[in-house]
Amino acid sequence: MQNASTVISKEPLSQIVSETIKTGIIKSNLIAMFAGLALALYSNEIHPFQKLPEILFAMIGSILTIGAAGVFNNVYDRDIDSIMNRTKNRPTVKGTIQFKKAILLGVFMTLFGLMTLALASPLAALFGFLGLFFYVVPYTMWSKRRTIYNTEIGSISGATPPLIGWASITPDMTHPGLLGLFAVIVLWQMPHFYAIAIRNHDEYKAAGVPMLPVIKGFKRTFIQTNVYLVALIVVSFLFTSISLFIAIVAFVLSVVWLILSVFRYKKMSPEIWAKWMFIFSLNYITILFGTIIVYCLIGSIF
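Under this note's numbering, the residue at position 107 of the sequence shown is numbered 144, and the numbers go up by one with no gaps.
So this is what it looks like as structure tokens:
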């Protein structure tokens with residue numbers, strides 16, 4: 038690995054920071070946060086204009102906190118990232134950002150992110166902290182390199198954004214729709230990341246990361262994927278507390294995903310099957326969350 042202090046980068050600073058904080062992950066998590074936020078507005082019959090400061094603080098605080106998690110993950114994982122093709126060009130690996138500067142960036146984003154979330158509500162800041170903590174410590178620093186259940190452990194962190202969004206609007210966390218949203222994100226992450234692990238099987242194996250398909254094989258991954266897809270079908274009924282329309286959208290998407298998994302697996306290689314599963318996972322979460330956000334915002338305004 039190159040010495041960070043000796044590297045002179047020709048990349049724009051904005052690009053270096055963007056890659057270090059993982060802007061792609063920030064964007065996807067913001068959609069989940071807004072789904073929780075929109076659901077809270079709709080369920081409590083609150084017009085968005087009544088909560089504009091809270092919405093703004095939730096958005097800015099989430100960006101900073103999620104970005105901080107990405108920074109700490111990149112810093113800690115730079116040894117295994119250097120082995121994998123899809124991560125070997127990250128700034129923390131190439132040395133285009135110095136170790137101390139990356140740490141300072143992460144600390145700065147953490148402090149200001151949590152303070153901004155606290156302006157939305159103290160509960161939102163608590164969920165922001167828990168999401169950051171679970172991603173950095175139980176996932177990145179412990180389970181990722183030690184157990185095949187690293188994805189399950191990491192899913193807890195990935196499911197906190199909608200809790201942040203909801204808590205920014207109201208402290209009442211008992212709505213079944215919120216439970217459904219949380220459960221969907223937890224369950225969705227396993228088929229999504231199993232597909233990534235299959236497509237990058239050799240890289241994870243070389244880096245010594247015990248992903249499920251690397252340790253237990255493709256058949257076990259296929260079976261476990263379908264278990265989570267069945268669970269997604271069951272969880273979709275929780276959305277009836279919001280509307281029958283959203284519940285039907287969630288149900289249909291989950292059933293189609295399961296059918297795709299079963300029938301494509303019989304006709305394709307594991308790698309091609311994983312490609313289809315990955316693509317559908319992105320469409321699933323985009324369509325479902327997009328539907329929730331649009332439906333709830335329209336309902337809140339009109």
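Each residue gets a CB set at the ideal place from its N, CA and C atoms; glycine is no exception.
To the nearest whole angstrom, what separates the beta carbons of residue i and residue j, a pair I think is in contact under 8 Å?
i: residue 75; j: residue 330; result: 5 Å
i: residue 72; j: residue 218; result: 6 Å
i: residue 234; j: residue 249; result: 6 Å
i: residue 83; j: residue 337; result: 6 Å
i: residue 63; j: residue 100; result: 6 Å
i: residue 297; j: residue 270; result: With 8 Å as the limit, residue 297 and residue 270 do not qualify as a contact, their Cβ atoms being about 13 Å apart.
i: residue 321; j: residue 259; result: Rounded, the Cβ-Cβ distance is 18 Å, inconsistent with contact.
Who are the near neighbours of residue i in its chain, counting only those whose CB is closer than 7 Å to its CB and skipping five residues on each side?
i: residue 176; result: 187, 190, 191, 194
i: residue 214; result: 76, 80, 275, 276, 278, 279
i: residue 167; result: 197
i: residue 362; result: No statement about residue 362 is possible, as the shown extent of the chain runs from 38 to 339 and does not include it.
i: residue 312; result: 236
i: residue 155; result: 162
Closest to residue i by C-alpha separation, out of the options, would be which residue?
i: residue 57; options: 124, 287, 296; result: 124
i: residue 114; options: 335, 245, 314, 233; result: 245
i: residue 54; options: 301, 70, 84, 135; result: 135
i: residue 247; options: 86, 179, 335, 50; result: 179
i: residue 333; options: 208, 281, 210, 320; result: 281
i: residue 98; options: 251, 315, 164, 238; result: 164
i: residue 240; options: 65, 90, 122; result: 122
i: residue 158; options: 91, 220, 183; result: 91
i: residue 327; options: 216, 49, 283; result: 283
i: residue 153; options: 133, 206, 93; result: 93
i: residue 185; options: 172, 140, 253; result: 253
Short of 6 Å in beta carbon distance, which residues of its chain neighbour residue i, apart from the five on each side in sequence? Order them along the chain.
i: residue 257; result: none
i: residue 118; result: 124, 127, 130
i: residue 307; result: 235, 255
i: residue 220; result: 272
i: residue 49; result: none
i: residue 41; result: Confidence at residue 41 is low in this model, with a pLDDT of 41, below 50, so its placement is unreliable and no value can be given for it.
Which same chain residues end up closer than 8 Å to residue i when comparing Cβ atoms and leaving out the 5 residues on each side of it in sequence?
i: residue 324; result: 286, 290
i: residue 335; result: none
i: residue 342; result: What is shown of the chain runs 38 to 339, which leaves residue 342 out entirely.
i: residue 43; result: Per-residue confidence for residue 43 stands at a pLDDT of 41, beneath the threshold of 50, marking its modelled position as unreliable; the derived number appears in the next sentence. The residues are 132.
One question on the structure: do residue i and residue j come within less than 7 Å of each other, judged by their Cβ atoms?
i: residue 315; j: residue 232; result: yes
i: residue 160; j: residue 208; result: yes
i: residue 222; j: residue 70; result: no
i: residue 112; j: residue 139; result: yes
i: residue 206; j: residue 88; result: yes
Assess contact between the region 96 to 114 and the region 142 to 153, defined as three or more Cβ pairs (one per stretch) separated by less than 8 Å. Is contact present?
yes
Count the C-beta pairs between the region 221 to 236 and the region 251 to 267 that are closer than 8 Å, then say yes if the count reaches three, no if not.
Result yes; three or more Cβ-Cβ pairs closer than 8 Å.
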